[in-house]
Amino acid sequence: MKTLHNYVQDFFTLLNSAKKTEAEQRFTNAIKMALLTFLDDETKENAATVYDIFFSTYRIVLEGSKSTFIDLLDVLSAYEERAATLIDKQRDHYVHSVNVFILGLCIYSQNSRYRAAFKKTNIDKKKFPENYPNEHEEFLFRWGIAALFHDVGYPIEIIGKQIESFLEFATNADHDDSKGKIKAHLEFQNFRRLNSVAEVTPKKVFIKDFYQQNESSVYVDLLQPIDLLAQKIHLSLGIPMDSIKDKLDTFVVDMAKLGFIDHGFYSAIIVLKWYGYLIQKTSMNPMRFYNAIVDSASAILLHNYYRNVCQKALECGAMEPQSHPIAYLLMFCDEMQDWNRVGYGRIDKTRTQAVSAKINIDEKSFGITYLAGKGTFSKKFIQDKNELFNQLLNIKAIFSDGLKIECDTLEIIFKEAREDKLVPRPILENMEILAKAIHNDYIAERKKKKQPIKVAEKFEDLDESARYSNLRQAMNIGKKLQKIGYMLVDKDAEGLAISKLDEDDVDAYAIMEHDDWMQGKLRDGWTYDPVRDDATKKHNCLVPWDELSGDYQDYDRDTARNVVKLAEMAGMKVVKA
1 MKTLHNYVQD
11 FFTLLNSAKK
21 TEAEQRFTNA
31 IKMALLTFLD
41 DETKENAATV
51 YDIFFSTYRI
61 VLEGSKSTFI
71 DLLDVLSAYE
81 ERAATLIDKQ
91 RDHYVHSVNV
101 FILGLCIYSQ
111 NSRYRAAFKK
121 TNIDKKKFPE
131 NYPNEHEEFL
141 FRWGIAALFH
151 DVGYPIEIIG
161 KQIESFLEFA
171 TNADHDDSKG
181 KIKAHLEFQN
191 FRRLNSVAEV
201 TPKKVFIKDF
211 YQQNESSVYV
221 DLLQPIDLLA
231 QKIHLSLGIP
241 MDSIKDKLDT
251 FVVDMAKLGF
261 IDHGFYSAII
271 VLKWYGYLIQ
281 KTSMNPMRFY
291 NAIVDSASAI
301 LLHNYYRNVC
311 QKALECGAME
321 PQSHPIAYLL
331 MFCDEMQDWN
341 RVGYGRIDKT
351 RTQAVSAKIN
361 IDEKSFGITY
371 LAGKGTFSKK
381 FIQDKNELFN
391 QLLNIKAIFS
401 DGLKIECDTL
411 EIIFKEARED
421 KLVPRPILEN
431 MEILAKAIHN
441 DYIAERKKKK
451 QPIKVAEKFE
461 DLDESARYSN
471 LRQAMNIGKK
481 LQKIGYMLVD
491 KDAEGLAISK
501 LDEDDVDAYA
511 IMEHDDWMQG
521 KLRDGWTYDP
531 VRDDATKKHN
541 CLVPWDELSG
551 DYQDYDRDTA
561 RNVVKLAEMA
571 GMKVVKA
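So the sequence shown is numbered by the working numbering: it starts at 1 and just counts up by one.
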């Protein structure tokens with residue numbers, strides 16, 4: 001039986017079947033290796049690497065900018081972890097989003113019916129000439145934005161839940177539930193400030209081509225996210241323009257009246273606002289915004305909105321995959337991805353959680369077995385899942401034999417990930433240059449000391465795994481520097497470059513360098529032995545820092561002292577935090 005690792009490999013085999021430049025091939029391979037590493041160890045740190053590499057590869061960042069899309073995810077991760085103590089039901093949305101991303105790639109790679117639906121709707125050289133030439137890469141781009149950003153607006157929903165929970169606690173002194181529960185809602189002054197895309201390029205120039213191609217554009221403001229979402233849903237689902245526009249125009253008020261907050265609504269607006277600005281600041285074709293980005297953003301909106309509004313108020317049936325392939329897949333994967341989601345809320349911390357899942361995907365069926373760490377799932381878990389999917393989506397259109405959902409129990413412990421601070425990210429090309437510099441410096445030092453060299457001398461000749469290992473090492477430099485009070489930034493970013501690390505910081509960095517190296521070896525199956533033997537994965541340095549000989553400690557100190565030089569070689573600098 002295939003695993004998720006195999007399915008991910010299959011996707012990238014599809015992706016790389018088309019001609020790509022050497023640089024494009026390297027970057028998509030880096031995405032693949034980041035995903036495979038994440039599957040080996042589903043931590044926030046590995047999830048962050050997926051985000052870093054994906055968004056750097058597809059330029060979802062302005063060079064030298066401190067306000068990147070990835071920073072939004074850092075805020076989400078830290079906020080939901082710290083702010084959920086008052087909330088009954090609240091779980092991780094950071095690792096979850098990467099798992100959703102992976103699950104969608106797996107379905108795409110294994111199911112030709114879904115690929116056909118995506119192609120029929122989104123791949124047309126005459127209608128969408130701005131698309132990537134490779135249809136699989138077009139899917140990767142659109143799906144990545146939808147999956148990785150579908151929960152970025154969740155802090156807004158948490159705020160409402162916090163207020164309700166606190167007020168319920170504060171008013172429960174009389175233990176009188178007869179008067180009902182308190183419902184909180186949000187009101188905005190100047191909501192238009194959020195619901196607008198900055199006009200960087202003259203509006204007439206930016207919207208011209210899309211306006212001319214779509215008759216419904218006369219009814220909307222093409223720089224207002226809510227209008228763009230209404231138009232896209234109208235075009236994709238066939239809902240009358242006036243009906244869907246009225247619903248979205250009054251949605252903030254309706255949420256207030258009904259006492260709930262739909263984070264997907266705010267996530268979609270945020271993506272359109274940020275990306276609309278970004279695309280005007282670069283040389284990208286505006287049609288990329290109006291087709292691909294609006295497609296992804298509307299999928300983000302629909303992952304909750306379709307069930308709560310389109311089906312309940314606008315009488316939509318189960319969604320067909322060809323009507324909106326990205327939204328269909330996001331709803332499927334978001335609801336199905338229910339494993340390794342750390343519970344932060346009071347109830348979710350105690351209830352039975354799925355720590356992992358066994359998944360089988362083919363042309364005809366989707367099978368999943370949720371594996372609980374301890375305890376058992378409620379009897380309604382499977383029943384509710386099946387009812388939800390059959391109501392929400394036309395499952396048989398993709399999987400003719402339907403779904404097979406099961407549960408089982410394991411006795412394993414959740415793996416907790418350490419939090420990552422909010423810092424500027426250098427672009428991926430710089431990280432690759434830094435990785436190459438690290439490798440070249442290693443080779444030069446081995447030759448200088450006349451020590452054996454057991455890897456390819458040229459960075460370009462390293463195998464895929466070794467290149468990715470160097471890339472991860474380069475990306476971890478910034479994280480280690482951050483812990484001792486420095487930042488690794490682009491050379492044009494703010495801040496005065498330092499010429500060297502303080503000696504006290506050299507030791508602190510060297511200890512982290514040794515610990516990282518040792519943990520990597522242990523994960524790869526190496527064990528301690530006083531006599532090194534690479535063939536049997538035995539190493540004499542797999543000991544705590546204090547037990548390491550002076551020569552080996554000096555090797556790690558040299559690595560620390562080289563960081564500033566390596567950063568300069570890669571077009572970056574080290575600054576005080």
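Where a beta carbon is used, it is the ideal one built from N, C-alpha and C, also for glycine.
Just so we're clear, the structure is a prediction, and the values are computed from it rather than from any experiment.
Counting only C-beta atoms, is Lys-521 closer than 8 Å to chain B at any point? Protein chain content of the structure displayed is limited to a single chain, and chain B is not contained in it.
DSSP three-state assignment for Glu-406, whether helix, strand or coil: What you label residue 406 is simply residue 406 of the sequence shown in a count that begins at 1. Here Glu-406 sits in strand by DSSP.
Just tell me which of Glu-503, Gln-189, Phe-381 and Ser-109 has its CA closest to the CA of Ser-17. Taking the first residue of the sequence shown as position 1, residue 17 is located at position 17. The alpha carbon of Ser-17 has as its nearest neighbour, out of Glu-503, Gln-189, Phe-381 and Ser-109, the alpha carbon of Ser-109.
Cβ distance (whole Å) where Glu-320 is taken to contact Ala-397 below 8 Å: Position 320 of the sequence shown holds residue 320. Position 397 of the sequence shown holds residue 397. About 6 Å; that satisfies the 8 Å criterion.
Considering just the uninterrupted stretch of the alpha helix (DSSP H) at Met-241, what are its terminal residues? Residue mapping note: residue 241 aligns to position 241 of the sequence shown, counting from 1. Its alpha helix (DSSP H) spans residues 241 to 249.
Candidates Lys-181, Glu-138, Leu-462 and Asn-6: which alpha carbon is nearest Cys-106's? The residue labelled residue 106 in the question sits at position 106 within the sequence shown. Nearest option by C-alpha distance: Asn-6.
Output needed for Ala-647: all residues of its chain with C-beta closer than 8 Å, excluding positions within five of it in sequence on either side, in chain order. Here the chain has residues from 1 to 577 only, and residue 647 is not among them.
Whose C-beta lies closer than 8 Å to the C-beta of Ala-435 among residues of the same chain, with five residues either side of it excluded? For this step, residue 435 is matched to residue 435 along the sequence shown. Cβ-Cβ distances below 8 Å link Ala-435 to Phe-459, Arg-467, Asn-470, Leu-471, Gln-473 and Ala-474 in the same chain, with the five nearest sequence neighbours on each side left out; the list follows chain order.
Is it buried or exposed, Lys-204, if we count other Cβ atoms within 10 angstroms and call 16 or more buried? As a working mapping, residue 204 is identified with position 204 in the sequence shown. By the beta-carbon neighbour count (other beta carbons within 10 angstroms, threshold 16), Lys-204 is exposed.
Drop a sphere of 10 angstroms on the beta-carbon of Gly-485, count the other beta-carbons inside from all chains shown, and report buried for 16 or more, exposed for fewer. Position 485 of the sequence shown, counted from the start, is the residue given in the question as residue 485. That one is exposed.
Delimiting residues of the beta strand (DSSP E) encompassing Ala-372: On the sequence shown, position 372 is the one that residue 372 refers to. In the DSSP assignment, Ala-372 falls within the unbroken beta strand (DSSP E) covering 365 to 372.
According to DSSP, Val-575 sits in a beta bridge with which residue or residues? Here the question's residue 575 lines up with position 575 in the sequence shown. In the DSSP secondary-structure assignment, Val-575 is bridged to Met-487 and Ala-497.
Can you give the beta carbon distance from Lys-573 to Val-489, rounded, assuming they're within the 8 Å contact cut? Position 573 of the sequence shown, counted from the start, is the residue given in the question as residue 573. Position 489 of the sequence shown, counted from the start, is the residue given in the question as residue 489. With a Cβ gap of about 6 Å, Lys-573 and Val-489 count as contacting.
Coarse secondary structure for Asn-195, derived from DSSP in three states: Looking up residue 195 in the sequence shown gives position 195. In this structure, Asn-195 counts as coil in the three-state DSSP scheme.
Could you tell me whether the stretch 31 to 38 touches the stretch 379 to 398, using the rule of 3 or more Cβ pairs below 8 Å? The stretch 31 to 38 is not in contact with the stretch 379 to 398.
For Glu-568 and Ala-146, I'd like the C-alpha separation in whole angstroms. Translated into positions along the sequence shown, residue 568 becomes position 568. Translated into positions along the sequence shown, residue 146 becomes position 146. Glu-568 and Ala-146: Cα-Cα distance of roughly 35 Å.
Closest by CA to Ala-535, which one among Trp-526, Gln-553 and Cys-541? What you label residue 535 is simply residue 535 of the sequence shown in a count that begins at 1. Comparing alpha carbon positions, the residue from Trp-526, Gln-553 and Cys-541 closest to Ala-535 is Trp-526.
Does DSSP put Ala-146 in a helix, a strand or coil? Stepping through the sequence shown from its first residue, residue 146 is reached at position 146. Helix.
What span of residues does the alpha helix (DSSP H) with Ile-53 cover, start to end? What you label residue 53 is simply residue 53 of the sequence shown in a count that begins at 1. That run of the alpha helix (DSSP H) goes 44 to 57.
The alpha helix (DSSP H) spanning Val-586 covers which residue range? The question about residue 586 has no answer, for the chain in this structure spans 1 to 577.
Going by other Cβ atoms of all chains shown within 10 Å of its Cβ, with 16 needed for buried, is Gln-391 buried or exposed? Taking the sequence shown and counting its residues from 1, one reaches residue 391 at position 391. Burial call: exposed.
Is it buried or exposed, Thr-559, if we count other Cβ atoms within 10 angstroms and call 16 or more buried? For the purposes of this step, residue 559 is identified with residue 559 of the sequence shown, where counting begins at 1. Counting Cβ neighbours within 10 Å, Thr-559 comes out buried, since at least 16 surround it.
Compute the distance between the beta-carbons of Asp-262 and Tyr-211, then report whether it is under 8 Å. Position 262 of the sequence shown, counting from 1, holds the residue named residue 262. Position 211 of the sequence shown, counting from 1, holds the residue named residue 211. Cβ atoms of Asp-262 and Tyr-211: not closer than 8 Å.
Whether Gly-153 touches Ile-233 by CB criterion (8 Å): Taking the first residue of the sequence shown as position 1, residue 153 is located at position 153. Taking the first residue of the sequence shown as position 1, residue 233 is located at position 233. By the CB criterion at 8 Å, Gly-153 and Ile-233 fall outside the cutoff.
In its own chain, which residues sit with a C-beta less than 7 Å from the C-beta of Leu-103, not counting the 5 before and 5 after it? Taking the first residue of the sequence shown as 1, we reach residue 103 at position 103. Residues Cys-333, Met-336 and Gln-337 of the same chain have their beta carbon placed closer than 7 Å to that of Leu-103, with the five preceding and five following residues left out of the count.
Kindly list the residues whose CB is nearer than 7 Å to the CB of Arg-532, restricted to its own chain and excluding five residues on each side of it in sequence; keep chain order. Counting from 1 along the sequence shown, the entry for residue 532 is found at position 532. Closer than 7 Å at the Cβ level, and outside the excluded window around Arg-532, lie Lys-538, His-539 and Asn-540.
Rounded C-beta distance between Val-564 and Lys-500? I'm assuming under 8 Å. Counted from its first residue, the sequence shown places residue 564 at position 564. Counted from its first residue, the sequence shown places residue 500 at position 500. Indeed they touch by this definition, with Cβ atoms about 6 Å apart.
Specify the secondary structure class of Asn-134 as computed by DSSP and reduced to three states. Translated into the one-based positions of the sequence shown, residue 134 becomes position 134. DSSP places Asn-134 in the coil class of the three-state scheme, outside both helix and strand.
Cβ distance (whole Å) where Ile-163 is taken to contact Thr-171 below 8 Å: Walking along the sequence shown from the start, residue 163 turns up at place 163. Walking along the sequence shown from the start, residue 171 turns up at place 171. Actually they do not touch by this definition, with Cβ atoms about 12 Å apart.
If we ignore side chains and look at the alpha-carbon of each, how far apart do Thr-251 and Ala-299 end up? Position 251 of the sequence shown holds residue 251. Position 299 of the sequence shown holds residue 299. Reading off the sequence shown, one finds Phe at residue 251, where the question assumed Thr. Spanning the two alpha carbons is a distance of roughly 17 Å.
Is it buried or exposed, Gly-276, if we count other Cβ atoms within 10 angstroms and call 16 or more buried? Translated into positions along the sequence shown, residue 276 becomes position 276. It is buried - the Cβ of Gly-276 has at least 16 other Cβ atoms within 10 Å.
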